[in-house]
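Written out below as structure tokens is the structure these notes cover.
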Amino acid sequence: MAKEKILVIGASGQIGVELTLALRKIYGDAQVVASDLREENSLLKGTGPYVSLDVMNKEMLHVQVIRQNVTQIYLLAAILSATGEKNPGLAWHLNTQSLLNVLDIAREENLHKVYWPSSIAVFGPTSPKQLCPQQTIIEPTTVYGISKYAGEFWCKYYNQRFGVDVRSLRYPGLISYKSAPGGGTTDYAVEIFHEALEEKKYTSFLDENTYLPMMYMPDAIKATIELMEADAAKISVRTSYNLGAISFSPKEIAAEIKKHIPDFTIDYKPDYRQQIADSWPQSIDDSVARKDWGWQHEYDLSRMTEDMLNNLQFQ
Ligand code: NAD
Ligand code: SER
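Residue numbering for the sequence shown follows my numbering, starting at 6 and increasing by one per position.
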């Protein structure tokens, strides 16, 4: 079988950096082309090919796919929930048109696979708050959530109508130390670690008891690769899979950090992001992913906290 050649779009972002490095370990450095609108992330430099690319320029994207003999695309470019509310038209345009560009090219060039992440943001205030199921009432109230829900159905449509093997996960809030988050409502759970180490105090933009579904980045990378490597016959969900790991509030993560930094303090000044967080579920039922392709998370809150602090201390 011919070797896979992978194009990662949005490779300099929070997920893109770690996913690109993980894919290079599996497929070989030269087989994974990183691309982004912004400059190459310093952690990617020297680890494999990089091209500057605007996913909204469909012709240029198409040229790159042909020139690089691309067989798979991981599309990570997007505007996230909090930033999206500042410019809804732009968020809608980027989040949906980028996906349509990639799906069209995947169809025309018979790409083997496409990966595109959705989010817990598809759920809205009328969805169940606890253990939100795979199929339920879905009425998103953010432009980000609306664009992700529309995107899920474009994935299903291109799979059913044109046979494009596009796969997707509804990521929860992702916590990581390698590259900074890009403007989401769950970003407080990354900022808190930096501030705890640098200032020993943090002001949370979400209220103390705001529970949200969360996940440590190594689990998100593992889930993404496991989904993409699963036998196509096992993929029963062609919109996007619920994916869960942990659920905590700002008060709970602060208490966990305090076990390592006893004089750490937190206070709370909720802003516009509180309303977004309040519209989302507090925890996710991901039993379909667990049944279909064997999903299992590894990190709980205490293991994640220890790993984040250890790694940030030595950066
Ligand atoms: P990010 O903002 O950190 O990274 C996105 C990257 O896309 C950036 O490097 C940006 O420069 C690039 N980009 C933006 N516009 C582009 C364009 N026109 N052409 C090429 N590149 C462009 O985002 P992330 O957190 O890494 O998220 C990646 C994907 O995962 C997104 O679809 C996001 O919705 C989804 N997701 C993320 C989280 C999370 O907590 N990080 C949770 C759920 C879903
Ligand atoms: N972490 C993301 C956000 O807050 C969820 O998709 O926007």
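Every residue gets a Cβ at the ideal spot worked out from N, C-alpha and C, and that includes glycine. What you are looking at is a predicted structure, and each value in this text was computed from that prediction instead of being measured.
Start and end residues, alpha helix (DSSP H) containing D59: Bounds of any alpha helix (DSSP H) do not take in D59, whose DSSP letter is neither H nor E.
Beta-bridge pairing of G178 - partner residues as DSSP gives them: Note: G178 sits in a beta bridge opposite M219.
R172 beta carbon less than 9 Å from that of K118: A contact, by the Cβ cut-off of 9 Å.
L80 (DSSP reduced to helix, strand or coil): Strand, per DSSP.
Best match in W300, Q301 and N315 for proximity to S307 [C-alpha to C-alpha]: Cα-wise, what sits closest to S307 is N315.
Alpha helix (DSSP H) runs wholly inside the stretch 181–238, at least 4 long, in chain order: Counting only runs of 4 or more, we get 193–203 and 222–234.
Length of the line joining the Cα atoms of M6 and E113: Model confidence at M6 stands at a pLDDT of 48, short of 50, so the residue's coordinates are unreliable; what they give is reported in the following sentence. Approximately 21 Å between the Cα atoms of the pair.
heavy atom of the ligand NAD below 8 Å from R278 C-beta: No - the ligand NAD has no heavy atom lying nearer than 8 Å to the Cβ of R278.
A155: CB within 8 Å of a non-hydrogen atom of the ligand SER: If you check the C-beta of A155 against the ligand SER, you find no heavy atom less than 8 Å away.
C-alpha distance - A194 paired with I262, whole-angstrom precision: Here the C-alpha atom of A194 lies approximately 11 Å from the C-alpha atom of I262.
Within 9 Å, strictly: CB atoms of M3 and Y216: Here the chain has residues from 6 to 320 only, and residue 3 is not among them.
Contact under 9 Å by Cβ, L85 with A16: Cβ atoms of L85 and A16: not closer than 9 Å.
Cutoff 6 Å; reference I20; Cβ partners in own chain excluding five residues on either side: Cβ within range, chain order: L81.
contact_flag[the stretch 36–55, the stretch 140–158] where n(CB pairs < 8 Å) is 3 or more: Judged by pairs of C-beta atoms under 8 Å, the stretch 36–55 does not touch the stretch 140–158, as fewer than three such pairs exist.
Under the three-state DSSP convention, the category D41 falls into: Reduced to three states, the DSSP call for D41 is strand.
Span separating the alpha-carbon of K3 from that of G249: Here the chain covers residues 6 to 320 and nothing more, so residue 3 does not appear.
Buried versus exposed, by CB contacts within 10 Å (16 or more), F319: Its Cβ having fewer than 16 others within 10 Å, F319 is exposed.
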